[in-house]
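Residue numbers (the numbering used here): 5 to 311.
Below, the structure is given as structure tokens:
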């Protein structure tokens, strides 16, 4: 049980961050907090991570484009879109939509990496999609047909897809940098990608009103949570860690209900349950529908190095 404390703490921080996204509305603009958050995290990490990145430059330079892609997807796009989505939807909806992440990652791995397609993944995907549609339709299919999916919910789906693609590419490329310089490199590319949007967007400026949200996003969410999560996964293993991360929508809904006064409707409970059931099916029912694609043999150059 002690080994679960660190991953649980990381999940609590990430769940609370969805609430912070909502609290930041009206205090700081989305492009502003997205940029300043990673800029501050990068400054804090520079004394510790930059020397390590410099020593590992031979491993880093050939893969700069891949680190840039990861930084744009996992940090710039995911968080930037999520901050914008918070203006148009509830924290509860955001947390429930994020619950699709493990199953979406599984589906993208089937398409992009050639992973085996299982009956659980297919059935779980259909069940989870039904759960999300129930939430975004406010429990009424007529409402969905008449109004469509809300802008905020649609943006959160796009943000979730960006992060799922990040997870798949991280696994596909298996880059060799240690966690700290890898995180630092991705942060630097995210800062570069977000800078133009920060420069052209409206600015509220850092003040006592928005400093707590900015500090929470920069330190616990951007630095503390990733590191304690990595330590926790090393201790309990990836499969058990997946079970822990599925608690995000539950924690988010509870924090939103008590901290923001958001109303928990029956459709939230039913939709969230359907999504979690779908994720459980995807992770535990491994009856193959399509076998995994055989990996291609590595291509070698004249010196015999793999490329």
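Even glycine gets a Cβ: it sits at the ideal position worked out from N, Cα and C.
Collapsing the DSSP output to three states places residue 191 in a helix. In terms of Cβ geometry, residue 55 and residue 88 do not form a close pair [threshold 8 Å]. The stretch 195–205 makes no contact with the stretch 48–65, as fewer than three CB pairs between them are under 8 Å. Scanning the stretch 110–170 for uninterrupted alpha helix (DSSP H) segments of 4 residues or longer gives 123–140, 145–151, listed from N- to C-terminal end.
Contact between the stretch 73–83 and the stretch 37–47 is present: 3 or more CB-CB pairs across the two stretches fall below 8 Å. Distances from the alpha-carbon of residue 197 to those of 67, 84, 290 put 84 closest. Nearest to residue 277 by alpha-carbon distance, out of 63, 127, 131, is 131. Secondary-structure assignment with DSSP links residue 292 through a beta bridge to 122.
Following the DSSP letters along the chain, one finds residue 40 inside the alpha helix (DSSP H) bounded by residues 34–59.
Residue 265 carries a coil assignment under DSSP once its states are collapsed to helix, strand and coil. Cβ-Cβ distances below 7 Å link residue 264 to 23, 26, 95 in the same chain, with the five nearest sequence neighbours on each side left out; the list follows chain order.
Put simply, of 254, 291, 31 the residue whose alpha carbon is nearest the alpha carbon of residue 91 is 31.
In this structure, the alpha-carbon of residue 272 lies about 46 Å from that of residue 63. For residue 285, the CB contacts under 7 Å within the same chain, skipping 5 residues up- and downstream, are 124, 127, 128, 131 in chain order. By the beta-carbon neighbour count (other beta carbons within 10 angstroms, threshold 16), residue 255 is buried.
At a Cβ-Cβ threshold of 8 Å, residue 74 and residue 170 count as neighbours. The Cβ atoms of residue 108 and residue 165 lie closer than 8 Å to each other. In the structure shown, residue 213 falls within a coil segment according to DSSP collapsed to helix, strand and coil. Of the candidates 239, 268, 281, 281 places its Cα closest to the Cα of residue 251. Boundaries cannot be given for residue 79, as no alpha helix (DSSP H) includes it and DSSP labels it neither H nor E. The beta carbon of residue 274 sits closer than 8 Å to those of 135, 138, 143, all from its chain and outside the five residues before and after it, given in chain order.
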